[in-house]
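Basically this note's numbering = 1-based index in the sequence shown + 10.
Note that the Cβ used here is the ideal one computed from N, Cα and C, for glycine as well.
Everything below concerns the one structure shown next.
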Amino acid sequence: LEAINESDMVLMPDTETVHMDPFFAQSTMVIVCDILDPVSGEAYNRDPRGTAKKAEAYLKASGIGDTVFVGPEAEFFVFDDVKYKADPYNTGFKLDSTELPSNDDTDYETGNLGHRPRVKGGYFPVPPVDSAQDMRSEMLTVLSEMGVVVEKHHHEVAAAQHELGIKFDTLVRNADKMQIYKYVVHQVANAYGKTATFMPKPIFGDNGSGMHVHQSIWKGGKPTFAGDEYAGLSESCLFYIGGIIKHAKAINAFTNPSTNSYKRLVPGYEAPVLLAYSARNRSASCRIPFGSNPKAKRVEVRFPDPTANPYLAFAAMLMAGL
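Shown next, in the form of structure tokens:
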């Protein structure tokens, strides 16, 4: 990011982020740091976490609110075997899982069982079709040990696809926790001898992985998104949604930063393909989840995916909404 003669930076620890990493034999502490310019002592202007902090500060300065809560829902796939080649004359990949809709002649120690989700038929099955109950539970246990408040876990629509639920929190804090979330998913899957991926569309013809982000703005301890407009929203919330829709194509650079991101955003797989808002339609970019309690009023932005840098993605959506 800087020339080699100006590449030194200062890492300033944020002591509120301290937690233990349980994946090492020796006790290992983790702490998130902000990047500072060593000469001026000011926040480095290309630090994503610093950018997210600036977005939170801008919200307070605007007078619209003093707190923004975000609740990301990152989906992922877990495969038993991953093979790939990138030679000049031999390029491709092969994925395998005991959950795939068809068997590719792999011989498993437990045998080749027929309990597998159908294509687009994996949402909330019970075991033995859902073979990852224990693995997901362990992921939640580890997340909790590392300071992340967890809520739920479940199998997703595609075969070998999953989601863990973490509690909403302020923008920077949940961006920090999304980094922990990805780390834990990869590490626990690896401990089970499997490979986890947050790639948005690893399998053609089945649902991809998104990172829906629930958002709400509060002021003085009260929700500002509740009102008497459409779906029980306030006028300011509708303006916020309007900002997301108006700037959606620019936001995509942060929320959908990979080529593979756009293989997910196609009709037929519950992915958002409409620049619209709706209380029920999951094809809309912005969905308003049902909730009678004013505190539950929020906007679910559905087009982001897990390849996004959470600090930049959350900040981009907040600034667009404001």
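Looking at the structure shown, is residue i part of a helix, part of a strand, or coil, going by DSSP?
{"i": "residue 118", "result": "coil"}
{"i": "residue 23", "result": "strand"}
{"i": "residue 205", "result": "strand"}
{"i": "residue 253", "result": "helix"}
{"i": "residue 191", "result": "helix"}
{"i": "residue 133", "result": "coil"}
{"i": "residue 235", "result": "coil"}
{"i": "residue 267", "result": "coil"}
{"i": "residue 297", "result": "strand"}
{"i": "residue 48", "result": "coil"}
{"i": "residue 317", "result": "coil"}
{"i": "residue 243", "result": "strand"}
{"i": "residue 84", "result": "strand"}
{"i": "residue 311", "result": "strand"}
{"i": "residue 272", "result": "helix"}
{"i": "residue 286", "result": "strand"}
Could you work out which residue in the options is closest to residue i when comparing CA atoms only?
{"i": "residue 51", "options": "265, 126 and 18", "result": "18"}
{"i": "residue 241", "options": "195, 136 and 290", "result": "290"}
{"i": "residue 110", "options": "156, 88, 82 and 186", "result": "88"}
{"i": "residue 86", "options": "235, 217 and 321", "result": "217"}
{"i": "residue 165", "options": "307, 173 and 119", "result": "173"}
{"i": "residue 277", "options": "215, 116, 309 and 233", "result": "215"}
{"i": "residue 201", "options": "144, 209, 183 and 238", "result": "144"}
{"i": "residue 39", "options": "227, 314 and 190", "result": "190"}
{"i": "residue 229", "options": "30, 57, 72 and 251", "result": "72"}
{"i": "residue 79", "options": "155, 28 and 176", "result": "176"}
{"i": "residue 181", "options": "56, 226, 196 and 159", "result": "226"}
{"i": "residue 324", "options": "300, 272, 54 and 263", "result": "263"}
{"i": "residue 222", "options": "312, 28 and 100", "result": "312"}
According to DSSP, what are the bridge partners of residue i?
{"i": "residue 156", "result": "Looking at the DSSP assignment, residue 156 forms no beta bridge with any residue, so it has no partner."}
{"i": "residue 74", "result": "According to DSSP, residue 74 bridges with nothing at all."}
{"i": "residue 92", "result": "105"}
{"i": "residue 174", "result": "163"}
{"i": "residue 227", "result": "78"}
{"i": "residue 18", "result": "None, per the DSSP bridge assignment."}
Distance, Cα to Cα, residue i vs residue j?
{"i": "residue 65", "j": "residue 139", "result": "43 angstroms"}
{"i": "residue 141", "j": "residue 219", "result": "19 angstroms"}
{"i": "residue 98", "j": "residue 136", "result": "44 angstroms"}
{"i": "residue 95", "j": "residue 104", "result": "9 angstroms"}
{"i": "residue 302", "j": "residue 102", "result": "49 angstroms"}
{"i": "residue 304", "j": "residue 93", "result": "49 angstroms"}
{"i": "residue 188", "j": "residue 32", "result": "17 angstroms"}
{"i": "residue 258", "j": "residue 149", "result": "33 angstroms"}
{"i": "residue 265", "j": "residue 320", "result": "8 angstroms"}
{"i": "residue 129", "j": "residue 261", "result": "31 angstroms"}
Skipping 5 residues on each side, what residues in its chain have a beta carbon closer than 8 angstroms to that of residue i?
{"i": "residue 280", "result": "167, 217, 292 and 293"}
{"i": "residue 48", "result": "18, 19 and 20"}
Apart from the five residues on each side of it in sequence, which residues of its chain come closer than 7 angstroms, Cβ to Cβ, to residue i?
{"i": "residue 284", "result": "293, 294 and 295"}
{"i": "residue 106", "result": "89, 90, 91, 114 and 116"}
{"i": "residue 54", "result": "19, 45, 46, 47 and 60"}
{"i": "residue 211", "result": "218, 270, 273 and 274"}
Can you name, in chain order, every residue of its own chain whose Cβ lies under 6 angstroms from the Cβ of residue i, other than the five neighbours on each side?
{"i": "residue 1", "result": "For the chain, the structure presents residues 11 to 332; residue 1 sits outside this window and is missing."}
{"i": "residue 76", "result": "70 and 229"}
Does at least one heavy atom of the ligand GDP sit under 7 angstroms from the Cβ of residue i?
{"i": "residue 240", "result": "You won't find the ligand GDP in this model; it holds no ligand whatsoever."}
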